[in-house]
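Following: one structure in structure tokens, then a few remarks.
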Amino acid sequence: MSNRDDTEEGRNDLRRPFLHTGSWYRMGSRQSSMLESSLFIRDSSISVLACVLIVALGPIQFGFTCGYSSPTQAAITKDLGLTVSEYSVFGSLSNVGAMVGAIASGQIAEYMGRKGSLMIAAIPNIIGWLTISFAKDTSFLYMGRLLEGFGVGIISYTVPVYIAEIAPQNMRGALGSVNQLSVTVGIMLAYLLGLFVPWRILAVLGVLPCTLLIPGLFFIPESPRWLAKMGLTDDFETSLQVLRGFDTDISIEVNEIKRSVASSGKRSAIRFVDLKRRRYYFPLMVGIGLLVLQQLGGINGVLFYSSTIFASAGVSSSNVATFGVGAVQVVATAVATWLVDKSGRRLLLMISSIGMTISLVIVAVAFYLKEFVSPDSNMYSILSMVSVVGVVAMVIACSLGMGPIPWLIMSEILPVNIKGLAGSIATLANWFVSWLVTMTANMLLAWSSGGTFTLYALVCGFTVVFVSLWVPETKGKTLEEIQALFR
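All the letters of the sequence shown, read from the start, carry residue numbers 857 to 1343 under the working numbering.
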């Protein structure tokens, strides 16, 4: 009898979250009427917002990694004697590491929990930045970039999924967009700090987001939907209660989540052959399509090498202009965060992709015309300004929709029982295409600036068609209602 009890206890332990938060919120739920200090977490919006702000340190790290290569290019190539192609490899290796992280992200998040996977992602990020800061040659530089990328690959999948799973339906769009807003904040910080500190010190500063994230994870609850899927009913209900507020009736939402988990087969193994079913392949196609088109539109190529682009446009203070782009991107993404639950996902995606297409066409035309104009003429200066304005307009348009919303929709539409496998596939596709764009951007710009932006414009034009034909509207629906659309 005791052996059977021990076996059952062992099985239960295996289902426990990798990173358990302890009992602080359980105690709060029992004693909230007696403890004044617990009043701040009785309001559901405050509780959920606190969780989102803590995990947003992960996307800030993501953005810092993306932005690091732009202000540091001249200094690193000079100090370590790198060629343009060697620096392009350095810039793109974060994407290679992210591809490996993306492959592992779904399974890590499924078996370790959303918080456990973020803890795992933080460690290689910290090691990677320290490795770069002490690099004396390309080997350490490349190794650090790979480690950063691995952590960012896990973060890029886990954070939007965690936010989507904890947010109430009327706030899910805005809170989900905080993911991309945090990425843009990280990019802007890299641009800003890169103006004032050497590249080695900038790498040391890159350690800070994940260093703060690790202790923060101990103060937030695990995703209730993941706990429900793992059969941890008590933990699931407690987590949901603290997220919605201790005075809130959660019985309806509890029953919806239980029904969704039961209908999807909470612990059934999903194979690639199962993805042939429409309820699985259609949301996966939409998720992969949006994430791939997001990258093929060229936004990462523009952000990674914005200083080079502005220099080629004739802007003398290219690093300052790059910081200006980062600041504009933060503001535009903040606007999208405010609008996404009001106007809907599809409308913002359409406006964004149309705006990107027009902006990129303007930039391409400006670069083409500059080939026929004397560099000393007024027309050359005008065309330079037009190209800069076009790049800024492209970044604004992307930030209004194609930046934040593909990650949000991916986290919303994937069924809970394939989220690990399908999420890894979608995230891998995004990072693979991001690697291609980052690796080729410098070489394409050297070949033809006008031709490069023309290619990006064609992709954005196709994105308009893709969104209008296949992307569903998810505003105002619960995750369970969204997944029912594909059955």
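Glycine residues also receive a C-beta, built at the ideal position from the N, C-alpha and C atoms.
Query, Result
"Suppose contacts are defined by Cβ-Cβ distances below 8 Å. Is ALA978 in contact with CYS907 by that definition?", "no"
"Quick check: what's the CA-CA separation for MET890 versus THR1089?", "Here MET890 scores only 31 on pLDDT, less than 50, and its place in the model should not be relied on; the value that follows carries that caveat. Going from the Cα of MET890 to the Cα of THR1089 covers about 26 Å."
"Write down every uninterrupted run of the alpha helix (DSSP H) in the stretch 988 to 1026 whose length is 4 residues or greater and which is fully enclosed by it, in chain order.", "994 to 1022"
"With a threshold of 8 Å, are at least 3 pairs of Cβ atoms found where one atom belongs to the stretch 1012 to 1027 and the other to the stretch 1073 to 1089?", "yes"
"Does DSSP put LYS1333 in a helix, in a strand, or in coil?", "coil"
"Restricting to Cα atoms, I'd like to know which of SER1173, LEU1045 and LEU1335 is closest to VAL1017.", "LEU1335"
"Within 10 Å of its beta-carbon, does THR1014 have 16 or more other beta-carbons around it, so buried, or fewer, so exposed?", "buried"
"Where do the ends of the alpha helix (DSSP H) carrying GLU1268 lie?", "1261 to 1269"
"Considering only C-alpha positions, which residue in the set SER1230, MET1212 and SER1208 is nearest to LEU1256?", "SER1208"
"In its own chain, which residues sit with a C-beta less than 7 Å from the C-beta of ALA1253, not counting the 5 before and 5 after it?", "SER1208, GLY1211, MET1212 and SER1215"
"What is the DSSP secondary structure of LEU938, reduced to helix, strand or coil?", "coil"
"Going by the CB atoms, is the gap between GLN1185 and ILE1043 shorter than 8 Å?", "yes"
"At the 8 Å Cβ level, is PRO1071 part of the contact set with chain D, yes or no?", "Here there is only one protein chain, and chain D is not present."
"Helix, strand or coil: how does DSSP classify PHE1228 here?", "coil"
"Buried or exposed for LEU1270, going by 16 or more other Cβ atoms inside 10 Å?", "buried"
"Between LEU1073 and MET975, is the Cβ-Cβ spacing less than 8 Å?", "yes"
"Is it right to say VAL1034 is buried, meaning 16 or more other beta carbons lie within 10 angstroms of its own, or is it exposed?", "buried"
"By a C-beta neighbour count over all protein chains shown, 10 Å radius and 16 as the cutoff for buried, is GLY1235 buried or exposed?", "As written in the sequence, residue 1235 is Met, which differs from the Gly given in the question. Result: exposed."
"Measure the Cβ-Cβ separation of GLY1347 and GLY1009 and say whether it is below 8 Å.", "This structure does not reach residue 1347, given that the chain is present from 857 up to 1343, and the question cannot be answered."
"Do you know whose CA, among MET1206, GLY1200 and SER1243, lies nearest VAL1221's CA?", "SER1243"
"With LEU1341 and MET1266 assumed to form a contact (beta carbons below 8 Å), what rounded beta-carbon distance in angstroms separates them?", "Actually they are not in contact, since the Cβ atoms of LEU1341 and MET1266 sit about 15 Å apart, beyond 8 Å."
"Where does MET1258 fall in DSSP's three states?", "coil"
"Measure how close the beta-carbons of THR921 and GLU1004 come, nearest whole angstrom, since I'm counting them as under 8 Å.", "5 Å"
"With a Cβ-Cβ cutoff of 8 Å, do VAL1272 and SER1116 count as a contact?", "yes"
"How long is the line joining the alpha carbons of ILE897 and LEU1069, rounded to whole angstroms?", "Here ILE897 scores only 44 on pLDDT, less than 50, and its place in the model is too uncertain to base an answer on."
"Here's a check: name, in chain order, each residue in its chain whose Cβ is nearer than 6 Å to the Cβ of LEU1099, leaving out the five neighbours to either side.", "SER903, VAL904 and ILE1022"
"Contact defined as beta carbons within less than 8 Å: I believe ASP1197 pairs with LYS1333. What is the distance between those atoms, to the nearest angstrom?", "So it is not a contact: roughly 11 Å between Cβ atoms."
"Okay, do the stretch 938 to 957 and the stretch 993 to 1002 touch, 3+ Cβ pairs below 8 Å being the bar?", "yes"
"Identify, in the order they occur along the chain, each residue of the same chain with its Cβ nearer than 6 Å to the Cβ of LYS1122, setting aside the five sequence neighbours on each side.", "With a pLDDT of 45 at LYS1122, under the threshold of 50, the modelled position of this residue cannot be trusted; read the value that follows with caution. Counting only Cβ-Cβ distances below 6 Å, and skipping sequence neighbours, we find LYS1085."
"Consult DSSP for ALA912 and reduce its assignment to one of helix, strand or coil.", "coil"
"What are the boundary residues of the alpha helix (DSSP H) that LYS1103 is part of?", "The question names Lys, yet the displayed sequence has Asp at residue 1103. That residue, ASP1103, is in no alpha helix (DSSP H); it is neither H nor E in DSSP."
"Under a three-way DSSP split, which group does SER1199 fall into?", "helix"
"In chain order, what residues of the same chain have a beta carbon less than 6 Å from the beta carbon of ALA1183, not counting five sequence neighbours either side?", "MET1044"
"Starting from the C-beta of LEU949, find all residues in its chain whose C-beta is less than 6 Å away, skip the five residues before and the five after it, and write them out in chain order.", "TYR998, ARG1001 and LEU1002"
"Select from LEU1096, ASP935, PHE1179 and ALA991 the residue whose C-alpha is nearest the C-alpha of PHE1052.", "PHE1179"
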